[in-house]
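Working notes for the structure below.
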DNA sequence: ACGATGATAATCT
DNA sequence: GATTATCATCGTT
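Numbering (my numbering), first residue to last: 1 to 198.
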C-alpha cells in the first residue's frame, strides 16, 4: 500500500522521523531507511535552495512524494524525498538503509562493499545499490518502478548535526540528522548515541 | 578505528 | 574559478 497523500505535505523536520523505517523500492530492490537528514529550503544555510530557485532545485519546489536526485562531488548521485506543499523547497536526504529485497542485485551494483551492511551505508552508496540515477530526478514515488511504504508506527530515533555540511548549516544549531539507534547500516561513530526522542 | 588524500564534474558566482 | 548534502584506499595507532 502506498503512502497516504498529504502525509509528506509537511516541513522536512516533521517528515524526517516518519521516514525512519520506511521501505523505498525501485524495481526489484527495496531498502529500509535507517538514516536521513532534513533540508528546510530557503531559510536553511545548508540547503541547495538557500539562495532561491535554480535549475537544479526546481524539483525541491515541486509536489511532495517525488524524488529529488542530484549529482555530487563529480561522481555521485544522492536522493531526497520532497516534502512540504508544492511551491515550498523542503526535502529529506536519504543517507543510509538496510537492503530488504533484491539483495543479489544490490550486491552486484556495489562490488566494493565487503559486507551487506555496507551496501547502502552512505547517501551515494544507497542510490547506487538501488539503481537511482540522475534521470530519476522528479520521479513520483507512488509510481513504478518506485514504491514508498511508510512505517505503521514511529521508530525510536536519535538526532545530531548533519554530515558533510560546511559552515553554519552544519553546526550544532542544526541537529537535523535523524537515525535509528544501533543500526548496522548507520555511520559507525554515532550509531549508538543515546539522545532519543519519541 | 581513525585521519588524510585523490578522484572528478555539475552547479553557481 | 571555487565549491561541493561523497567514496574508496591507504596510512598510522
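We treat Cβ as the ideally placed atom computed from N, Cα and C, and that holds for glycine.
Taking the Cα of residue 23 as reference, the smallest distance to any Cα among 108, 141 and 119 is reached at 141. Annotated as distal: residue 64 and residue 94, with beta-carbon spacing of 8 Å or more.
Taking a C-beta distance under 8 Å as the contact criterion, residue 84 and residue 151 do not qualify as a contact pair. For residue 187, there is no enclosing alpha helix (DSSP H), as DSSP marks it with neither H nor E. When C-alpha distances from residue 184 are compared across 154, 117 and 147, the shortest belongs to 117.
Beta-bridge partners of residue 96 (DSSP): 35 and 121. Judged by beta-carbon spacing, residue 62 lies within the 8 Å limit of residue 138, meaning their Cβ atoms are closer than that value.
Here the C-alpha atom of residue 25 lies approximately 20 Å from the C-alpha atom of residue 154. It is roughly 19 Å from the alpha-carbon of residue 107 to the alpha-carbon of residue 145. Note on the stretch 99 to 169: whole alpha helix (DSSP H) runs with a minimum of 4 residues are 103 to 109 and 123 to 130, in chain order.
Taking 8 Å as the cut-off, the Cβ atoms of residue 121 and residue 96 count as close.
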